[in-house]
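Structure, as structure tokens:
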Amino acid sequence: MAIADVPAYLHLSSEDVDAIANELDTIRRDVEESLGAEDAAYIRRVIAFQRVLDVSARLMIAGSRSKKGWLLGTAALAYAKSLENMELGHNISHGQWDWMNDPEIHSNTWEWDMVGYSAQWRHSHNYRHHVYNNVLGMDDDIGYRWLRVTDEQPWRWQLLLTPLRNLVLAATFEWGIAVHGIRAERDGGDTPEAFAAAKRKLRRKIARQLGKDYVLLPALSLRRWRRTLAANATANVVRNLWVYVNIICGHIPGGAEFFDPAVVEGETKGEWYLRQMLGTANFEAGPLLAISGGHLCYQIEHHLFPDLPSRRLPEISVRVRALFEKYDLPYNTGSLALQLFRTQRIVHELAVPDAR
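Numbering (UniProt numbering), first residue to last: 1 to 356.
Set out below in structure tokens:
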């Protein structure tokens with residue numbers, strides 16, 4: 001059953017809700033006041049490392065003659081692409097680094113390395129998803145109009161193909177992001193002319209991305225173009241799979257709640273915080289996995305503070321988890337394997353009617 005009254009569901013008084021909001025505001029203020037040179041140096045190091053890794057991987061792919069060299073180069077390229085899309089593209093587009101006033105590292109100027117157009121994604125993600133996180137009929141990220149992830153969603157016969165649909169979504173996730181963004185433009189009430197312009201922008205972005213990955217870079221490899229083409233295609237699929245895992249494990253595992261649209265009527269800041277806390281889930285990841293996923297293993301903290309730098313989420317999580325414990329709130333976390341299993345179980349159980 002979708003939640004219509006978050007404080008009542010959690011048995012919290014209005015005083016409790018206000019106190020939680022005040023404590024979270026204090027965490028935000030403490031982090032904002034401490035941002036400085038060390039944070040700026042971090043993001044610049046990540047950008048430099050990602051670019052060096054990308055070039056090194058491509059040189060290994062084109063220059064080596066062994067299968068091992070191709071595999072290592074392709075794995076490095078997939079990691080570089082994941083790093084660019086998540087720790088850089090996703091987080092920069094959230095405005096996490098706008099405080100630096102660096103035109104290169106700004107939400108209005110960064111264009112990520114995938115077919116989706118970042119400006120269109122920013123609207124669908126930063127507004128429709130983050131503001132209305134897991135609110136039925138308002139958050140388009142609930143199943144991406146492709147999967148059934150709660151029994152509040154109506155069943156359709158096409159869902160019988162969920163095992164295949166789920167794999168297709170995971171392997172082509174960048175295309176899902178592109179479609180998601182243009183749909184948000186269409187549904188946002190823009191004029192037909194504005195929507196036509198948005199479609200042209202997306203088509204140009206897709207043409208540039210496909211041209212780079214599947215024409216220009218293979219052509220630069222001369223007689224070894226097939227090797228580069230295969231590596232680029234493989235790295236893109238691996239990147240898509242990893243982005244899918246990070247996103248889907250953050251909102252669908254058992255215990256991540258969904259909400260009735262009535263919940264946003266007159267919603268206070270404290271109630272908004274609580275909805276983010278209930279509608280998200282974390283998973284455990286080491287440093288290399290965390291950074292390649294944009295630190296979305298801390299999805300709870302990211303949803304509470306989407307515009308705070310991702311590198312601060314580990315330290316923020318300590319204080320947030322203590323707040324959960326103080327008010328006896330469910331902090332949804334577990335190993336990556338467990339959260340992925342719980343997610344896939346829900347998706348496939350709900351593929352048949354009246355399964356849950």
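All C-beta atoms in this analysis are idealised placements derived from N, C-alpha and C, irrespective of residue type, glycine included.
Here DSSP, grouped into helix, strand and coil, assigns isoleucine 105 to coil. Excluding five sequence positions before and after proline 7, the CB atoms of its chain that fall closer than 6 Å to its own CB belong to Val17, given in chain order. Glutamate 284 is bridged by DSSP to Ser335. Distances from the alpha-carbon of isoleucine 252 to those of Trp175, Lys205, Asp141 and Ile177 put Asp141 closest. Isoleucine 61 carries a helical assignment under DSSP once its states are collapsed to helix, strand and coil. Secondary structure at phenylalanine 259: strand, using DSSP grouped into helix, strand and coil. Look at valine 46 here: in three-state DSSP terms it is helix. DSSP, read as helix, strand or coil, puts valine 135 in strand.
Contact annotation: serine 335 and tyrosine 79 have beta-carbon atoms that are not nearer than 8 Å. By the neighbour-count definition (other C-beta atoms within 10 Å, threshold 16), glycine 211 is an exposed residue. If you draw a straight line from the Cα of valine 131 to the Cα of glycine 63, it comes to about 47 Å. Non-local beta-carbon contacts of arginine 275 in its own chain, meaning distances under 7 Å to residues more than five positions away in sequence, involve Val6, Asn133, Phe259 and Val263 in chain order.
Collapsing the DSSP output to three states places isoleucine 182 in a helix. Closest in C-alpha terms to lysine 269, from the list Ser13, Tyr9, Leu24 and Ala119, comes Leu24.
In the three-state reduction of the DSSP assignment, isoleucine 3 falls in the strand class. In the structure shown, glycine 95 falls within a coil segment according to DSSP collapsed to helix, strand and coil. With a contact defined as Cβ atoms closer than 8 Å, alanine 351 and leucine 159 qualify at about 5 Å. The beta-carbon distance between phenylalanine 324 and tyrosine 244, rounded to whole angstroms, is 27 Å. This is too long to meet the 8 Å contact definition. Contact between the segment 50-64 and the segment 26-39 is absent: fewer than three C-beta pairs spanning the two stretches fall below 8 Å.
With at least 16 other beta carbons inside 10 angstroms of its own, threonine 343 counts as buried. Judged by beta-carbon spacing, leucine 77 lies beyond the 8 Å limit of glutamine 50, meaning their Cβ atoms are not closer than that value. Exposure of proline 103 is indicated by the presence of fewer than 16 other C-beta atoms within 10 angstroms of its C-beta.
For tryptophan 225, the enclosing alpha helix (DSSP H) begins and ends at 225-248. An exposed status is given to proline 154, since fewer than 16 other beta-carbon atoms sit within 10 Å of its beta-carbon. Just so you know, the alpha carbons of cysteine 249 and alanine 219 end up roughly 38 Å apart. If the five residues before and after arginine 319 are omitted, its C-beta is found closer than 7 Å to the C-beta atoms of Ile27, all from its own chain and listed in chain order. For arginine 227, the number of other beta carbons within 10 angstroms of its own is at least 16, and it is reported as buried.
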